[in-house]
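Enquirer: Here it is, the structure, as structure tokens.
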Amino acid sequence: MISYLSGEIVHKDPKFIILNTGGIGFKIFINPEFASKLPATGKQSEIYCSLFVRQDLLELFGFPSIEQLEFFNLLTTVSGVGPKTALLILGVAQLNSLKAAILRGEADILTKVSGVGKKTAERIIIDLKTKVSELSTGAPVEKIGENADVIEVLMSFGYTRSQINEALEKLGLEISGTGNKIKNLLKILGQKK
Numbered sequence: 000m001i002s003y004l005s006g007e008i009v010h011k012d013p014k015f016i017i018l019n020t021g022g023i024g025f026k027i028f029i030n031p032e033f034a035s036k037l038p039a040t041g042k043q044s045e046i047y048c049s050l051f052v053r054q055d056l057l058e059l060f061g062f063p064s065i066e067q068l069e070f071f072n073l074l075t076t077v078s079g080v081g082p083k084t085a086l087l088i089l090g091v092a093q094l095n096s097l098k099a100a101i102l103r104g105e106a107d108i109l110t111k112v113s114g115v116g117k118k119t120a121e122r123i124i125i126d127l128k129t130k131v132s133e134l135s136t137g138a139p140v141e142k143i144g145e146n147a148d149v150i151e152v153l154m155s156f157g158y159t160r161s162q163i164n165e166a167l168e169k170l171g172l173e174i175s176g177t178g179n180k181i182k183n184l185l186k187i188l189g190q191k192k
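Residue numbers (numbering that gives the first Met the number 0): 0 to 192.
Quick look at the structure:
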């Protein structure tokens, strides 16, 4: 099973990349949101992968984090959700927003994806509601919605999920408000560099 690849991006497209690893070019399907965050062609990149095997085809699907890979694998356990649909679902919103929507039973965010109708969205919610809270988010499920904006902003600055979660644990409970949290978390994260 291929779960992680590192190498040079030799081709980049909104739907896939070709990654040269040890002289072998791997075609890895990605969503446009992830594609926009990848370095340019010729640069090095690291990608978490899921390998799908069908009768006559092997396909790799790539993600920026292990958390997204785990969520992708969960999505593909739902009847009617294939790997390409699961990939598109991950591109429609931040991971924490998707998890929070599933926990609240909100199908609207899922139906934004082409090929996901109301019934499929409801099936995803029913099948994954209990499993979502068990994923290794590093933050209690109740706090997902509360800190989703903060996490999204810090990830856009290039911090990893684990760095942000570590900083959130150090953040005092008396600090509230998205702006104040971001300001204080940046101080905490800046001390580590």
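Here a beta-carbon is modelled for each residue, glycine too, at the ideal position from N, C-alpha and C.
Note that the coordinates shown come from a computational prediction; the quantities given were computed from them, not determined experimentally.
#1: What span of residues does the alpha helix (DSSP H) with Lys11 cover, start to end?
#2: What are the partner residues of Arg53, as DSSP defines its beta bridges?
#3: If you drop the 5 nearest sequence neighbours on each side, which residues of the same chain put their C-beta closer than 8 Å to that of Asp148?
#4: Going by DSSP, which residues form a beta bridge with Phe62?
#5: Between Gly116, Val9, Ala106 and Ile150, which has its C-alpha nearest Ser44's C-alpha?
#6: How big is the Cα-Cα spacing for Ile123 and Lys98?
#7: To the nearest angstrom, how far is it from the Cα of Leu37 to the Cα of Met154?
#8: What does DSSP give as the partner residue(s) for Leu18 in the beta ladder?
#9: Roughly how many angstroms separate the alpha carbons of Phe51 and Gly61, rounded to a whole number?
#10: If you reduce the DSSP assignment to three classes, tell me which class Val80 lands in.
#11: How many whole angstroms separate the CB atoms of Leu59 and Lys26, which I take to be in contact at a CB cut-off of 8 Å?
#12: When DSSP labels each residue in this structure, what does Ala92 get in the three-state scheme?
#13: Can you tell which of Asp107, Phe28 and Arg103 has its C-alpha closest to the C-alpha of Leu127?
#14: Report, in whole angstroms, the separation of the C-beta atoms of Phe28 and Lys83, which I expect to be a contact under 8 Å.
Expert: In short:
#1: Within the sequence shown, numbered from 1, the residue matching residue 11 stands at position 12. Not the alpha helix (DSSP H): Lys11 falls in the beta strand (DSSP E), residues Tyr3 to Lys11.
#2: Position 54 of the sequence shown holds residue 53. According to DSSP, Arg53 bridges with Leu56.
#3: Here residue 148 is taken as the residue at index 149 of the sequence shown, counted from 1. Thr177.
#4: Residue 62 sits at position 63 when you count from the first residue of the sequence shown. According to DSSP, which records beta bridges pairwise, Phe62 is partnered with Tyr47.
#5: Taking the sequence shown and counting its residues from 1, the one referred to as residue 44 is at position 45. Per the Cα distances, Val9.
#6: For this step, residue 123 is matched to residue 124 along the sequence shown. For this step, residue 98 is matched to residue 99 along the sequence shown. Using only the alpha carbons, I get a separation of about 11 Å.
#7: For this step, residue 37 is matched to residue 38 along the sequence shown. For this step, residue 154 is matched to residue 155 along the sequence shown. Taking the straight line from one Cα to the other gives about 13 Å.
#8: If you number the sequence shown from 1, residue 18 lands on position 19. In the DSSP output, where bridge partners are listed per residue, Leu18 has Ile8 and Phe25.
#9: Here residue 51 corresponds to residue number 52 of the sequence shown, with the count starting at 1. Here residue 61 corresponds to residue number 62 of the sequence shown, with the count starting at 1. Distance between the alpha carbons of Phe51 and Gly61 is about 11 Å.
#10: As a first step, residue 80 must be located in the sequence shown, where it is residue number 81. Val80 falls in the coil class under three-state DSSP.
#11: Start at 1 with the first residue of the sequence shown, and residue 59 comes out as number 60. Start at 1 with the first residue of the sequence shown, and residue 26 comes out as number 27. With 8 Å as the limit, Leu59 and Lys26 qualify as a contact, their Cβ atoms being about 7 Å apart.
#12: Position 93 of the sequence shown holds residue 92. Three-state result, Ala92: coil.
#13: Here residue 127 refers to the residue found at position 128 when the sequence shown is read from its first residue. Of Asp107, Phe28 and Arg103, the residue nearest in Cα terms is Arg103.
#14: Numbered from its first residue, the sequence shown carries residue 28 at position 29. Numbered from its first residue, the sequence shown carries residue 83 at position 84. Between the beta-carbon of Phe28 and that of Lys83 there is about 7 Å, and that keeps the pair under the 8 Å contact cut.
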